[in-house]
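Trainee: The structure follows.
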């Protein structure tokens, strides 16, 4: 019987890790989470990717590498939940009236959180609450209040400081070794990947690149 994780794949993954280490340096250990999710600290990205390949082999041996595909609707909801967190920031950028933009963004931020709560209760979402959703509520509720109390200031500066605060959150998530994309990625990644350094390494680079897109 042909295994979906032959030894050659492990070597290929290790080579990918070596390439990542050559371009990114020894990030594996540096960005490992400090909590109990970190099970086997890696000295480099190459080692982190090697550990990920070993974890995949172990999961396959336990029968966890190929779980049953969730229902299409659940997959759509999980994917939509990953992108919904960015919607308040997009709305502020495209709605010309600053008061309307702040009001709509705040309402959407709260709505996203309530929907995520319902989906978590139904077992659709794996991670709740998402820090990004809570940060959005804080930023855009304050922005909504400021748009009515200080309209002139808000009209000039709201897009700047709301984006700036969101950017600070992105940066802080990297500094505390919890890249903000990790919570989003966990919705589609199997749980045996969550404690691996390569999982955090990939999300580190995604989180780092996002503000510059």
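In my numbering, the protein residues as written are 1299 to 1511.
Here a beta-carbon is modelled for each residue, glycine too, at the ideal position from N, C-alpha and C.
1) Look at the alpha carbon of residue 1421 and the alpha carbon of residue 1451, and state the distance between them as a whole number of angstroms.
2) Beta-carbon separation of residue 1412 and residue 1403 under 8 Å?
3) My output table needs one value for residue 1517: the three-state DSSP class, helix, strand or coil.
4) For the 8 Å Cβ check, are there 3 or more pairs between the segment 1486-1497 and the segment 1432-1445?
5) In three-state terms, what does DSSP make of residue 1423?
6) Would you mind sorting residue 1479 into buried or exposed? The rule is 16 or more other CB atoms within 10 Å of its CB.
7) Less than 7 Å between C-beta atoms, sequence neighbours within five positions excluded: which residues of the same chain meet that for residue 1320?
8) For residue 1446, report the span of its alpha helix (DSSP H) as first-last.
9) Pop quiz: residue 1414 and residue 1426 are said to be a contact at Cβ under 8 Å. What is the actual Cβ separation, rounded to whole angstroms?
10) Would residue 1482 be called buried (16 or more neighbouring beta carbons within 10 Å of its own) or exposed?
11) Smallest Cα separation from residue 1396: which of 1506, 1475, 1471 and 1446?
12) Within the same chain, show all residues whose beta-carbon is closer than 6 Å to that of residue 1382, passing over the 5 residues directly before and after it, in chain order.
Mentor: Taking the geometry as given:
1) If you number the chain shown from 1, residue 1421 lands on position 123. If you number the chain shown from 1, residue 1451 lands on position 153. Roughly 43 Å separates the two Cα atoms.
2) In the chain shown, residue 1412 corresponds to position 114, counting from 1. In the chain shown, residue 1403 corresponds to position 105, counting from 1. Result no, Cβ atoms of residue 1412 and residue 1403 do not sit closer than 8 Å.
3) Nothing in the structure corresponds to residue 1517, since the chain is present only between 1299 and 1511.
4) no
5) Numbered from 1 along the chain shown, position 125 holds the residue referred to as residue 1423. Three-state result, residue 1423: coil.
6) Residue mapping note: residue 1479 aligns to position 181 of the chain shown, counting from 1. The residue is buried, with at least 16 neighbouring Cβ atoms inside 10 Å.
7) The residue labelled residue 1320 in the question sits at position 22 within the chain shown. Caution is warranted here: a pLDDT of 41 is assigned to residue 1320, below 50, making its placement in the model unreliable, and no coordinate value can be reported.
8) Locating residue 1446 in the chain shown gives position 148, counting from the first residue. Its alpha helix (DSSP H) spans residues 1429-1447.
9) Walking along the chain shown from the start, residue 1414 turns up at place 116. Walking along the chain shown from the start, residue 1426 turns up at place 128. Indeed they touch by this definition, with Cβ atoms about 6 Å apart.
10) Within the chain shown, the letter at position 184 stands for residue 1482. By the neighbour-count rule (16 or more Cβ atoms within 10 Å), residue 1482 is buried.
11) Residue mapping note: residue 1396 aligns to position 98 of the chain shown, counting from 1. Comparing Cα-Cα distances from residue 1396 to each of 1506, 1475, 1471 and 1446, the minimum goes to 1446.
12) Reading the chain shown from its first residue, position 84 is the one you call residue 1382. Cβ neighbours of residue 1382 beyond the five flanking positions: 1410.
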